[in-house]
Amino acid sequence: MKSNAARQSSAIIIFERLITYESIQSGHHWRFSTVGGIKRINIDKGSDLRHLGELDQKLWTVLSCPVNGLEMDTRTLQLIDLDGAGKIGVPEAAAAPAVPFDIGKFVGVFAAISLALGAIGTALAAGIGGFLGLEWWKMPLAIAGLI
Amino acid sequence: MLLSYQFATAQSSDSLIVLEGQVVDAQSSGPLSYVNIGIANKNVGTVSAEDGQFRLILRPGQANDTLSFSFIGYETLRIPVEVMFALRIPVVMHRKAVKLQEIVVKNHRYKARFFGTFTQSAIAQAGFSENILGKECGVMMRTRRPTLLEEVQINFGQCSYDSVYFRLNVYQVMDKNTFEPLLSTPQYYAFSRAELVQTLALDIRSLNIQVQGDFLISVEYYRDLGSGNLYFKSALNKSTYIRATSIGNWKKVHIGISLGVFGQVEQ
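Heads up: the protein sequence lines correspond to chains A and B, in order.
Every position in the first sequence, counted from 1, becomes a number in our numbering once 118 is added.
Every position in the second sequence, counted from 1, becomes a number in our numbering once 87 is added.
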């Protein structure tokens, strides 16, 4: 016969932990690389782009970049600049992959993400870093878009 | 409603913004207790104390946000944080005009039905990690036909407090993010630990609440209960809606607290 204590045992569930658990369940599995001694997130799959909005903004080292003056297609950057503020913020960069696929925009988005995630410090270096982070078969695609 | 802000403090040394003040009723000039105060959709908020006093700590980044003051029976007041700092004068609001419900005499039959979650099993219990003011949890229910709510039933589980205080809320769910309060007066309840052993049955017939479609009934802590445990008996195959502050975002968790309501459904 079980004791009273055993019969009264309960599973106690804390709401807040359930939310965290849900977040982990629905969250995207990110892959990291170490570049120059700095941990960076790899953006090498379409699903990475789709889940970009879920990425904790603490992991974004650059929170905005200008539309003009970068060695990237200005028109592409303007397309991502949804509010026309002349700069691309994290929400815009994260929202961009949700729209129908557009090769020019894809490259622009990628460059913007690279800017945001790059830990090297300059936009150009971050863009190059992002390009180098592509899988080999995506590089011609990116070049075509840039041209 | 008259909101009087006593800005005794501004920014502290660590740059947190501390707002302190008192909420008072315009007609009686007396303090207004348990007013929901916070920044909408940001899970930042508090509830005014019995003497109407409140204290809210904001992060520096929230200086450009807007504070909402919400209380059943009063017009919701929204004031930008920076304006509150700049004005430092009482803000006067008007009591919400209560639109009397249309009375329709119908020749319909009614059938009693239970909505929500009911379990008396203590095997699974769920609750907040902290039972502080403003925390709210409830159960979403649905009725296709007009239904008059009669009796809310809640089954609490483990309780380490001598007394438990909560406010009962009923919302009509307009869409995913819009929950309209249906009560015209706040409903406060207090129970001793001994009373929580049995199913709590709250007679709400006098409130004359009629619902149709999705509605949510919730329990909101309007007082800090202090450190301790308070859990609801729960069903694993149901869900609960929770939010950290009374003006914050609702989140759905996949465990259902034992909270439901008997209603008379129009046939």
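For every residue, glycine included, the Cβ atom is placed at its ideal position computed from N, Cα and C.
- Proximity to residue 229 of chain B across B/292, B/297 and B/159 peaks at B/297, based on C-alpha coordinates.
- Not a single C-beta of chain A is nearer than 9 Å to the C-beta of residue 308 of chain B.
- Pairwise C-beta distances place the segment 191-206 of chain B out of contact with the segment 288-297 of chain B, as fewer than three of them are shorter than 8 Å.
- Here residue 309 of chain B is not bridged, per DSSP, to any residue.
- In the three-state scheme derived from DSSP, where H, G and I count as helix and E and B as strand, residue 146 of chain B is classed as coil.
- Per DSSP, the unbroken beta strand (DSSP E) holding residue 129 of chain A starts and ends at 129-132.
- Residue contact check for residue 133 of chain A against chain B: a CB pair falls below 9 Å.
- For the 9 Å CB-CB criterion, residue 326 of chain B and residue 306 of chain B do not form a contact.
- The three-state reading of DSSP puts residue 209 of chain A in helix, counting H, G and I together.
- Around the CB of residue 264 of chain B, fewer than 16 other CB atoms lie within 10 Å, so the residue is classed as exposed.
- Among the residues of chain A, those whose CB is under 7 Å from the CB of residue 318 of chain B are 130, following chain order.
- Residue 125 of chain B counts as buried, since no fewer than 16 other beta carbons sit within 10 angstroms of its beta carbon.
- When secondary structure is reduced to three states using DSSP, residue 291 of chain B falls in the coil class, being assigned neither helix nor strand.
- CA-CA distance, residue 168 of chain B to residue 317 of chain B, rounds to 34 Å.
- Contacts with chain B at 9 Å (Cβ-Cβ) do not include residue 159 of chain A.
- Residue 279 of chain B sits in a strand when the DSSP states are folded into three classes.
- For residue 322 of chain B, the nearest beta carbon of chain A is not closer than 9 Å to its own beta carbon.
- If you draw a 10 Å sphere on the C-beta of residue 315 of chain B, you find fewer than 16 other C-beta atoms in it, and that means exposed.
- Rounded to the nearest angstrom, the gap between the Cα atoms of residue 131 of chain B and residue 331 of chain B is 8 Å.
- Measuring C-alpha to C-alpha distances from residue 274 of chain B to each of B/115, B/226, B/320 and B/309 identifies B/309 as the nearest.
- By alpha-carbon distance to residue 140 of chain B, the top candidate from B/114, B/148, B/119 and B/163 is B/119.
- In the structure shown, residue 149 of chain A falls within a coil segment according to DSSP collapsed to helix, strand and coil.
- Shown in chain order are the members of the segment 209-238 of chain B whose Cβ falls below 8 Å from a Cβ of chain A: 209, 210, 211, 212, 213, 214, 215, 216 and 224.
- For residue 348 of chain B, the closest C-alpha among the options B/319, B/280, B/321 and B/239 is that of B/239.
- Taking the Cα positions, residue 183 of chain A is about 33 Å away from residue 155 of chain B.
- In this structure, residue 213 of chain B lies near residue 131 of chain A, with their beta-carbon atoms less than 9 Å apart.
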